[in-house]
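Colleague:
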Amino acid sequence: MRVASAIAGSIIFLAVAPGVVAGLVPWLLTDRYRLPWSRLPGFVPVGWLLVVAGTVVLLHAFARFALEGLGTPAPVAPTERLVVGGIYRHVRNPMYVAVLSIVLGQALLFSSGTVAAYLVIAAAAMISFVKLYE
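Residue numbers (our numbering): 5 to 138.
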């Protein structure tokens, strides 16, 4: 797969998978982000830190797939080469960690028990998928 195709495919997959799990669902669960900010001390800055850090890690992981692996994270367009550089040197599934960090950050930002419950369900689904798939 050419680099341009890998980048395009990764962008599409980013919008579809993590975009829904870490973006659309929390957005809907927080009434389209209309809930008030958390009033609990420290929750808002820590929430933002998790959202920003998770986003940076997620984008880095997607870039590694496209540029190093010459493919996408999508099973229908896998990488041609094993991705072992960058964040993948330290974490086996950085995309899952990043997505869960983003969701946790949003749960803290809004002090949302609903988003926290969703986080537990999403984490259980990801862990189950890894155990079954790998």
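Every residue, glycine too, gets a C-beta built ideally from N, C-alpha and C.
Use the C-beta contact count for residue 46: other C-beta atoms within 10 angstroms, 16 or more gives buried, fewer gives exposed.
Modeller: With fewer than 16 other Cβ atoms within 10 Å, it is exposed.
Colleague: Exposed or buried, what is residue 105 when buried is set at 16 or more other beta-carbons lying within 10 Å of its beta-carbon?
Modeller: Buried, because 16 or more other Cβ atoms sit within 10 Å of the Cβ of residue 105.
Colleague: Who are the near neighbours of residue 94 in its chain, counting only those whose CB is closer than 7 Å to its CB and skipping five residues on each side?
Modeller: Nothing listed; no residue qualifies.
Colleague: Of all the options 72, 89, 53, which has the alpha carbon lying nearest to the alpha carbon of residue 102?
Modeller: For the residues 72, 89, 53, the minimum Cα distance to residue 102 belongs to 53.
Colleague: For a test of the three-state rule: what should DSSP assign to residue 77, helix, strand or coil?
Modeller: If DSSP states are grouped into helix, strand and coil, residue 77 belongs with coil.
Colleague: Just the C-alpha distance for residue 138 and residue 132, rounded to the nearest angstrom, thanks.
Modeller: Going from the Cα of residue 138 to the Cα of residue 132 covers about 10 Å.
Colleague: Is residue 87 buried or exposed, if buried means 16 or more other CB atoms sit within 10 Å of its CB?
Modeller: The residue in question, residue 87, is buried, as its Cβ has 16 or more Cβ neighbours within 10 Å.
Colleague: Is the Cβ-Cβ distance between residue 98 and residue 61 less than 8 Å?
Modeller: Their beta carbons are under 8 Å apart, which means residue 98 touches residue 61 by this criterion.
Colleague: According to the Cβ coordinates, are residue 51 and residue 113 closer than 8 Å?
Modeller: Against a cut-off of 8 Å, the Cβ pair of residue 113 and residue 51 comes out as a contact.
Colleague: Take the Cβ of residue 134 as the centre, count every other Cβ of all protein chains shown within 10 Å, and call the residue buried at 16 or more, exposed below.
Modeller: Flag for residue 134 reads exposed.
Colleague: If we ignore side chains and look at the alpha-carbon of each, how far apart do residue 91 and residue 116 end up?
Modeller: Between residue 91 and residue 116, the C-alpha separation is close to 30 Å.
Colleague: Is it buried or exposed, residue 68, if we count other Cβ atoms within 10 angstroms and call 16 or more buried?
Modeller: Answer is buried; the Cβ neighbour count reaches 16.
Colleague: Would residue 66 and residue 9 qualify as a contact pair, given that the criterion is a beta-carbon distance under 8 Å?
Modeller: No. Outside cutoff.
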